[in-house]
Structure formats: structure tokens, C-alpha cells
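Engineer: Below you'll find the structure I mean.
Number of protein chains: 2
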Amino acid sequence: MYPNCIKDIIEAFKDLPGIGEKTAERLAFSLINFDKDKLTSFSDAITAVRDKIKYCTICGNITDEDKCSICNDKNRNDKIIFVVEKAKDISLFEKINVFNCRYHVLGGLISPLDGIGPEDVNIDSLIKRIDNDNVEEIILSLKPSIEGETTMQYIKKVLDGKNVRVTRIATGIPMGTDIEYIDAMTLEFALDGRKDI
Amino acid sequence: MYPNCIKDIIEAFKDLPGIGEKTAERLAFSLINFDKDKLTSFSDAITAVRDKIKYCTICGNITDEDKCSICNDKNRNDKIIFVVEKAKDISLFEKINVFNCRYHVLGGLISPLDGIGPEDVNIDSLIKRIDNDNVEEIILSLKPSIEGETTMQYIKKVLDGKNVRVTRIATGIPMGTDIEYIDAMTLEFALDGRKDI
Numbered sequence: 000m001y002p003n004c005i006k007d008i009i010e011a012f013k014d015l016p017g018i019g020e021k022t023a024e025r026l027a028f029s030l031i032n033f034d035k036d037k038l039t040s041f042s043d044a045i046t047a048v049r050d051k052i053k054y055c056t057i058c059g060n061i062t063d064e065d066k067c068s069i070c071n072d073k074n075r076n077d078k079i080i081f082v083v084e085k086a087k088d089i090s091l092f093e094k095i096n097v098f099n100c101r102y103h104v105l106g107g108l109i110s111p112l113d114g115i116g117p118e119d120v121n122i123d124s125l126i127k128r129i130d131n132d133n134v135e136e137i138i139l140s141l142k143p144s145i146e147g148e149t150t151m152q153y154i155k156k157v158l159d160g161k162n163v164r165v166t167r168i169a170t171g172i173p174m175g176t177d178i179e180y181i182d183a184m185t186l187e188f189a190l191d192g193r194k195d196i
Numbered sequence: 000m001y002p003n004c005i006k007d008i009i010e011a012f013k014d015l016p017g018i019g020e021k022t023a024e025r026l027a028f029s030l031i032n033f034d035k036d037k038l039t040s041f042s043d044a045i046t047a048v049r050d051k052i053k054y055c056t057i058c059g060n061i062t063d064e065d066k067c068s069i070c071n072d073k074n075r076n077d078k079i080i081f082v083v084e085k086a087k088d089i090s091l092f093e094k095i096n097v098f099n100c101r102y103h104v105l106g107g108l109i110s111p112l113d114g115i116g117p118e119d120v121n122i123d124s125l126i127k128r129i130d131n132d133n134v135e136e137i138i139l140s141l142k143p144s145i146e147g148e149t150t151m152q153y154i155k156k157v158l159d160g161k162n163v164r165v166t167r168i169a170t171g172i173p174m175g176t177d178i179e180y181i182d183a184m185t186l187e188f189a190l191d192g193r194k195d196i
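Those protein sequences? They're chains S and L, same order as listed. Its first residue numbered 0, the first sequence is counted upward by one per residue in numbering that gives the first Met the number 0. Its first residue numbered 0, the second sequence is counted upward by one per residue in numbering that gives the first Met the number 0.
If you want it as C-alpha cells, here you go:
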């Protein structure tokens, strides 16, 4: 019923996460009202992702050069490394901008059930950085899940005996959330991490 | 902080309706995991919209040919025309597929406050079709709003004296909606359109 070019763009949008048939149709039709220059930039932006995106040779962040902008930044605190699962997670910490330190992207979490072992995530390169750069603390900022816990425990173990502090961000009740909606495990972590006021 | 190609695609996604900063970021990062062929098709689909989309010379529907697939379809009932605001609205009626008739896309609604007069929407071509094709009924399927009502009243007026039935789809309570959430005007229309059971 739709012209082919509309069918194609609907299919393309449907490949994106969280975009179903109806939203894909709405987005596709919105493009019809874009001016031609905007459509050209949109299309170019996608081919740029295809042709230019690389992973930083140091931290695994996405970049369009060999080293990412954070690893290239001379004004960062080298002593602390945030260890995150995905490149996107970096932006969350950059937005709150408290530590101005370095990052390391694992690119995944250890998950034996899915056949993802320690060798499949960027842990070796993390250890190398810790050894070479006199890192004082790594802050594990991973999802509190079975995979996240496994990965944190593994990293803790392989760093055992090295002179580096290994911390993890707190698990607890998110701001503004009613306790009745919180699962038992989170509640346990939150209790365990209670603070004097 | 992001590489330029990611910044560009985030901006492109943000131009789409209903896509804010956070969703745009999520969509942009999802593209990184697409394989190159998929990115090529995505980009090509957008340039195809740019280069191929035209408006059907008869009904105003979008098409990649001179006449849209519906106007080209010989098995349609010529006697009834659904009058819709946007090309996208056609798909809603095609999905329920009751009438198998023709369509006419106004491309907008009359809105004196926004400077949109009858000459800015495709009403002339509608009248021409009614005159030439012996149309028996037009079903006005427009949004029940000030602009929709104005447009419906205008069309009714210009067709006065012609041998064509002018109907409008019912305004009322949508299925599954609690009456307490319905505005007074809709309720009035629903009362007015009440039926014996």
C-alpha cells in the first residue's frame, strides 16, 4: 500500500530499539516533510557512523580517531578509572562531571550462561593500564545484576595483591522511588550500605 | 564529548517527532552495533524519501509514481471518497478495509488563525473529482477540532446543490475509555449521535 521508499524507511526505523510498527510509520511520514538538505544530513550521518566509528585503542570508548577525546585530554585525573559496561555509560558520568577522571569500557559483562567469559570483555587492557599508569582507584560502575556481580567479583579477584583500590558504586533505592516498588535484593543492598545521618 | 559522527546522528534523530535528547542518544548508540549493510540500507532509504516521494496527481496521496497505488487500482469503488487530512490517515482506513473505495488527501485543514484558507488545501481538486467521476458520497474523516469542523462546514457549503451525499465519521467515546476522561464537547457529540440498541 505504501510506496516502496516509505516501506523501506519504516523497516529501517523498526530495527531501532523500542521502535514498533506504529512509531516507525509515524517517523517515516515525518521525513516526508523534512527539507531535502535535512534528509541529506540525516543520510550522511548514518553513513558516517558506518564509515568512521572506531573503538579507542586505550579505553574502548567510541571515537572517530585512534584515541578518544577523553584519553586525549591532558587535564584528566589519571589516578582514577571508571569501569563501565558500554561506551554510552560514559556520557552519564560525564554529565554529572564530578571526578574528571579516565574511563575503561568493558564492552560487555561476564555471563557464563551466554558463553561470555572474561576473555570476551576488555579486562586484560584494564589490568595493563593499572600496571602501567599507577592507577590508585578503579570505580566499578556496572549494572547490579548477576552478570554485573560476576564481572565485579572477577575483576576484584584478578587485581588481588595489586596496589589499587577497587570500589563499586552504591546499590540502593533510586531518588523519588517508593520503597514498595523495590525488589528484595536491592533493599538488602540498600540496608547493607546504610549511612549515619 | 561524543565523536562528531555520533553528535550528528543524535541531532538528526532529535529532529524526528517525539524523539528527545535521551532517546536520540539511545538510538544513535544502537546504530553502532548495526552491521554495515544495514546502515547502508538505512541511509539509502532516507535518500530515497528525499529523491522519490511525490504526491499523487489525483488524490494527493504520497507515491513514487505519478498516480498512487490506490488511484491505479481498478477494483476500487469509485462512488465513495474518503476525505482525509494527511496521506498517513489513509493507512488507518486501509487497515480496517471496509469500503475499498477511493481517497482524497486535503494536505491540511482550514485554519484562519494560522492563515490557512480554503485555497491552501486540496479542495478544488476534490470538487473536480466529484463533478467528473459521478461520486455518490464523500465521507469526511477529519479531526473533530475547530479546524476540522471549519473545513467540514466549508466543504459542505461548496458542495451545496451538487448531487453528492456528504457524511462525517462519528465523534464519540473511544472504545475502552472511561467517560470521566472525556471532554464535554465530545460527550455532547456522543449524546447527539446516540443510537437505539
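Beta carbons are placed, not taken as given, at the ideal position from N, Cα and C, and that holds for glycine. Given the structure is predicted, the values throughout are model-derived calculations rather than measurements.
#1: Kindly indicate which residue of L/LYS21, L/ILE79, L/GLY160, L/ILE172 has the alpha-carbon position closest to the one of L/PHE98.
#2: The ligand FMN and L/ILE69: does the residue's C-beta get closer than 7 Å to at least one heavy atom of that ligand?
#3: Buried or exposed: where does S/SER202 fall if 16 or more other Cβ atoms within 10 Å of its Cβ makes it buried?
#4: Quick check on L/PHE33: does DSSP put it in helix, strand or coil?
#5: Give a yes or no on whether 8 Å exceeds the smallest Cβ distance from S/PHE98 to chain A.
#6: Return the residue from the list L/ARG167, L/ALA183, L/LYS161 that minimises the CA-CA distance to L/THR150.
#7: Residues in its own chain within less than 7 Å of S/ASP119 by CB, not counting five upstream and five downstream?
#8: Would you say S/ILE79 lies against chain L (beta-carbon separation less than 8 Å)?
#9: At what residues does the beta strand (DSSP E) containing L/TYR102 begin and finish?
#10: Would you say L/ALA23 and L/LYS37 are within 8 Å of each other, going by their C-beta atoms?
#11: Going residue by residue through the segment 118 to 183 of chain S, where are the continuous beta strand (DSSP E) segments of at least 3 residues, counting only ones entirely within it?
#12: By DSSP's criteria, S/LYS53 is part of a beta bridge. Which residues make up the other side?
#13: Can a CB atom of chain S be found closer than 8 Å to the CB of L/THR62?
#14: Between L/VAL163 and the rest of its own chain, which residues show a CB-CB distance below 7 Å, the 5 nearest in sequence each way excluded?
#15: How many whole angstroms separate the CB atoms of L/LYS142 and L/GLU84, which I take to be in contact at a CB cut-off of 8 Å?
#16: Give, in chain order, every residue of the segment 19 to 40 of chain L whose Cβ lies closer than 8 Å to some Cβ of chain S.
#17: What residue does the beta strand (DSSP E) around L/ILE89 start on, and which one ends it?
#18: Measuring only the C-alpha atoms, how far is S/CYS4 from L/GLU64?
#19: Report the three-state DSSP secondary structure of S/ASN3 (helix, strand or coil).
#20: If I follow the unbroken beta strand (DSSP E) through S/ASN76, where does it start and stop?
#21: Could one say the Cβ of L/ILE52 lies closer than 8 Å to chain S's Cβ atoms, at least one of them?
Structural biologist: Checking against the coordinates, here is how it stands:
#1: For the residues L/LYS21, L/ILE79, L/GLY160, L/ILE172, the minimum Cα distance to L/PHE98 belongs to L/ILE79.
#2: You won't find the ligand FMN in this model; it holds no ligand whatsoever.
#3: No information on residue 202 of chain S is available, as it lies outside the stretch 0 to 196 that chain S covers here.
#4: In the structure shown, the three-state DSSP call for L/PHE33 is coil.
#5: In the structure shown, chain A does not exist; the protein chains are S and L.
#6: The residue with the shortest Cα to Cα distance from L/THR150 is L/ARG167.
#7: Residues of the same chain with a CB within less than 7 Å of the CB of S/ASP119, apart from the 5 flanking positions on each side, are GLY107 in chain order.
#8: For S/ILE79, no Cβ of chain L is located within less than 8 Å of the residue's own Cβ.
#9: L/TYR102 -> beta strand (DSSP E) spans 100 to 104.
#10: In this structure, L/ALA23 lies away from L/LYS37, with their beta-carbon atoms at least 8 Å apart.
#11: Considered as a whole, the segment 118 to 183 of chain S harbours 136 to 140, 164 to 167 as its complete beta strand (DSSP E) runs of no fewer than 3 residues, in chain order.
#12: Under DSSP, S/LYS53 shares a beta bridge with S/THR62.
#13: Closer than 8 Å: yes.
#14: Same-chain partners within the cutoff: ILE129, VAL134, GLU135, GLU136, ILE137.
#15: Confirmed, about 6 Å.
#16: When CB distances to chain S are screened at a threshold of 8 Å, the residues of the segment 19 to 40 of chain L falling below it are THR22, GLU24, ARG25, LEU26, ALA27, PHE28, SER29, LEU30, ILE31, PHE33, LYS35, LYS37, LEU38, THR39, SER40, in chain order.
#17: Segment 86 to 95 is the alpha helix (DSSP H) holding L/ILE89; no beta strand (DSSP E) there.
#18: Approximately 11 Å, taken between the alpha carbons.
#19: The answer is helix: DSSP assigns S/ASN3 an H, G or I state.
#20: Where S/ASN76 is concerned, the enclosing beta strand (DSSP E) starts and stops at 76 to 83.
#21: Answer yes: the Cβ-Cβ gap between L/ILE52 and chain S drops below 8 Å somewhere.
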